[in-house]
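Structure first, commentary second.
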Amino acid sequence: MYWLSEVVSYSNPHEEELIRYKSSVVYRAGLKFFWIPFFYGNRAFHWKQLGFDAAVLQPNHFFNDTREERIQDTAELAITYGMGVEIECDERMNWMYQFIKGTYEKQSEAELQASDSSNL
361 MYWLSEVVSY SNPHEEELIR YKSSVVYRAG LKFFWIPFFY GNRAFHWKQL
411 GFDAAVLQPN HFFNDTREER IQDTAELAIT YGMGVEIECD ERMNWMYQFI
461 KGTYEKQSEA ELQASDSSNL
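Structure (structure tokens):
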């Protein structure tokens, strides 16, 4: 089961209680409870105390004007708090894939072998 809201609202004093109640309902049904808070999501690092089985932090980098270091920051926070990392993207990722794929396909075999550390 997935909790849709990406934050825990500070304006609703009962939201944490609601989340914990919902987690008990999910557990009784024999399911798992997941959450994907955004980078500045309130209480994101308290996901275990809220009753989630797993949480995946999203850096909100791709659609926002953020520093490139946001990805590394997100990875470090995820490691610290036992979370995963989720990356949201749009069709620009397909264009980048085609660019990279075309570039690598045009490399010579010697370059490919030299870049593969398993051949060393």
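Here my numbering is used: the first residue of the sequence shown is 361, the next is one more, and so on.
Using N, Cα and C, we set each Cβ at its ideal position, and we do this for glycine too.
Computed from a prediction, not measured in an experiment: that's the story for all the values here.
In chain order, 399, 426, 430, 431, 433, 434, 445 and 447 place their CB closer than 8 angstroms to the CB of residue 419, counting only its own chain and leaving out the 5 sequence neighbours on each side. Residue range 414-417 is occupied by the beta strand (DSSP E) that includes residue 416. Under DSSP, residue 444 takes part in a beta bridge, and its partners are 416. For residue 373, the closest C-alpha among the options 439, 402, 417 and 436 is that of 402. The DSSP-derived three-state label of residue 381 is helix. Within the same chain, Cβ atoms closer than 7 angstroms to the Cβ of residue 441 are found at 405, the five residues on either side in sequence being excluded.
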